[in-house]
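The structure appears below as C-alpha cells.
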Amino acid sequence: MRIVGVIPARYKSSRFPGKPLIELVGIPMIIRVAMIVEKALGKKHTYIATDDQRIQELAESYGYNAVMTSEHCLTGTDRVWEFSKQIDADIYVNVQGDEPLLNYKDILKVAETKKKNKDYIINGMCSIGIDEDVNNVNIPKVLVNDKNKLIYMSRLPIPGMKSNKNELPIYKKQVCIYGFNNKELKAFGKKNIKSTYEDFEDIEILRFFDLGIPIKMVETSGNSLAVDCPEDVLKVEAEILRLERDE
1 MRIVGVIPAR YKSSRFPGKP LIELVGIPMI IRVAMIVEKA LGKKHTYIAT DDQRIQELAE
61 SYGYNAVMTS EHCLTGTDRV WEFSKQIDAD IYVNVQGDEP LLNYKDILKV AETKKKNKDY
121 IINGMCSIGI DEDVNNVNIP KVLVNDKNKL IYMSRLPIPG MKSNKNELPI YKKQVCIYGF
181 NNKELKAFGK KNIKSTYEDF EDIEILRFFD LGIPIKMVET SGNSLAVDCP EDVLKVEAEI
241 LRLERDE
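Quick note: the sequence shown uses full-length UniProt numbering, first residue 1, plus one each step.
See below:
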C-alpha cells in the first residue's frame, strides 16, 4: 500500500501573501512542514503541490518532490485532487502547509486510521489550548458524536450554550491533517464548486457533507499552532525555540 504526504501550497494567500516562504527561525515554513512529513513517511513519499514556481524551486533546492498544479484550485483539497491525477497512491495524507509544529506521529496516526476505515475521510482534532480564544474565527471548532464521527465544524464556538453555566464545554479544534483515497478526492474535485456551508464557513471539509461521505476525527497530540496571519509568526518562532531548547 502506497501512502504519500501532500502539502498543498499557494503563494497568493489573501491574508498572508507569500506565507509558505516565510522563514521561521531561519527555515522557510513550507520546508519545516515537509521535514515533519518526511519524518513520518520518508522523503520520497513527501510532496509539495503548488501553483507557484518560487515554491517549486525552493522545495527542489531542499531535495523535496514538487508537483505543479493550476492557479484555479478552490481549496487545498482541490489542489490535492489535481495532484492525485499525476501521482498515484492508495492513501493521500494532506498536511496543511502553515502548521510547522505538527507532531509527525499524528501524520502516522491519520494514515493508520485511514487504512482501517476505508469508507471514511480522516481528520485530526485536539482540545483548544488555554491560551487560545475559542471565539477566534481563524480556529475551526469541531463537534463530534461519541464515536468521534464529525457532526459539524464551525468558526463559531460549538457546542453553543443557551444560558450561562459554571462549567464550559471542552472545545475541540481542527488539526489540518487529512486522510483521503483517490475516490474521495475525485468526488470532491469533480464537484468543482464550494458547497453552501463550506462557502459560509470557509472550511473545505464541509463539502463532503453534501457528497454523503462520512468523516471520522482522530485525537492528535495537541501541539498544533498554525500561522494564519503575520501576527502569528513571532509566537510560532518562540515555540520552535522552546522545543529546540527542550530537546
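Backbone N, C-alpha and C define an ideal beta-carbon position, used for all residues, glycine too.
Which residue from the options puts its Cα closest to that of residue i?
i, options, result
"Gly-124", "Cys-73, Lys-19, Tyr-178, Glu-60", "Tyr-178"
"residue 250", "Val-142, Val-37, Gly-212", "As displayed, the chain neither begins before 1 nor continues past 247, which places residue 250 out of reach and without an answer."
"Leu-102", "Glu-71, Glu-231, Thr-220", "Thr-220"
"Phe-16", "Met-161, Val-227, Glu-239", "Val-227"
"Tyr-197", "Leu-206, Gly-189, Val-6", "Leu-206"
"Met-1", "Glu-112, Glu-60, Ser-13", "Glu-112"
"Ile-91", "Met-29, His-45, Asn-148", "His-45"
"residue 254", "Trp-81, Lys-114, Leu-241", "Nothing can be reported for residue 254: it is not among the residues displayed for the chain, which extend from 1 to 247."
"Lys-190", "Val-80, Gln-56, Ala-34", "Val-80"
"Phe-188", "Gly-212, Asp-146, Glu-244", "Gly-212"
"Ile-130", "Pro-214, Pro-169, Lys-162, Asp-199", "Pro-169"
"Asp-232", "Gln-86, Lys-19, Asp-246", "Lys-19"
"Leu-156", "Val-137, Val-67, Gly-26", "Val-137"
"Lys-118", "Lys-183, Pro-28, Tyr-47, Ile-87", "Lys-183"
"Val-67", "Ile-87, Leu-74, Cys-73", "Ile-87"
"Asn-181", "Asp-52, Lys-85, Gln-53", "Lys-85"
"Glu-71", "Asp-246, Tyr-11, Arg-242, Asp-146", "Tyr-11"
"Asp-98", "Tyr-120, Lys-147, Asp-78, Val-175", "Val-175"
"Arg-54", "Cys-229, Tyr-104, Asp-78, Leu-21", "Leu-21"
"Ile-193", "Cys-73, Ile-48, Ala-34", "Cys-73"
"Met-29", "Leu-234, Phe-83, Phe-208", "Leu-234"
"Tyr-104", "Ile-27, Lys-43, Phe-208, Glu-167", "Lys-43"
"Lys-186", "Asn-166, Lys-165, Phe-208, Asp-199", "Phe-208"
"Ser-13", "Cys-229, Lys-162, Ile-240", "Cys-229"
In terms of residue numbering, what span does the alpha helix (DSSP H) encompassing residue i cover?
i, result
"Ser-84", "76 to 84"
"Ala-238", "233 to 246"
"Ala-66", "Counting along the chain, Ala-66 falls outside any alpha helix (DSSP H), though it belongs to the beta strand (DSSP E) covering 65 to 68."
"Leu-206", "Per DSSP, Leu-206 belongs to no alpha helix (DSSP H) and is neither H nor E."
"Ala-111", "104 to 116"
"residue 321", "With the chain covering only 1 through 247, there is no way to say anything about residue 321."
"Glu-198", "196 to 201"
Please indicate yes or no: does the CB of residue i lie closer than 7 Å to some heavy atom of the ligand SAH?
i, result
"Ile-3", "This structure lacks the ligand SAH, and indeed carries no ligand of any kind."
Please work out which residues of its chain come closer than 7 Å, Cβ to Cβ, to residue i, disregarding the five sequence neighbours upstream and downstream, and give them in chain order.
i, result
"Asp-210", "Ser-195"
"Gly-222", "Cys-126, Ser-127"
"Val-236", "Leu-24, Pro-100, Leu-101, Leu-225, Val-227"
"Ile-122", "Val-110, Thr-113, Lys-114, Tyr-178, Gly-179, Lys-216, Val-218"
"Asn-135", "Pro-157"
"Pro-159", "Leu-143, Pro-169"
"Tyr-120", "Pro-214, Ile-215, Lys-216"
"Glu-239", "Leu-101, Leu-225"
Could you check where the beta strand (DSSP E) with residue i kicks off and where it finishes?
i, result
"Gln-174", "172 to 180"
"Ser-154", "150 to 154"
"Lys-44", "Run containing Lys-44: none; DSSP gives neither H nor E here."
With DSSP as the reference, identify every bridge partner of residue i, one or two as the case may be.
i, result
"Glu-23", "Pro-28"
"Gly-124", "Val-175, Val-218"
"Leu-143", "Tyr-152"
"Gly-5", "Thr-46, Val-93"
Take residue i and list the residues in its own chain whose beta-carbon comes closer than 8 Å to its own, dropping the five residues that flank it on each side.
i, result
"Glu-132", "Ile-139, Lys-173"
"Val-144", "Met-125, Leu-150, Ile-151, Lys-172, Met-217"
"Ile-31", "Leu-58, Ala-59, Tyr-62, Tyr-64"
"Ile-107", "Gly-5, Ile-36, Val-37, Ala-40, Leu-41, Val-93, Val-95, Ile-177"
"Ser-154", "Pro-140, Lys-141, Leu-143, Glu-201, Ile-203"
"Ala-34", "Ile-7, Thr-46, Ile-48, Ala-59, Tyr-62, Tyr-64"
"Phe-83", "Val-6, Pro-8, Tyr-47, Ala-49, Val-67, Thr-69, Tyr-92"
Spatial neighbours of residue i within its chain, please: CB distance less than 6 Å, with the 5 preceding and 5 following residues excluded, ordered by chain position.
i, result
"Gly-76", "Pro-8"
"Thr-50", "Ala-9, Gln-56"
"Asp-78", "Gly-189"
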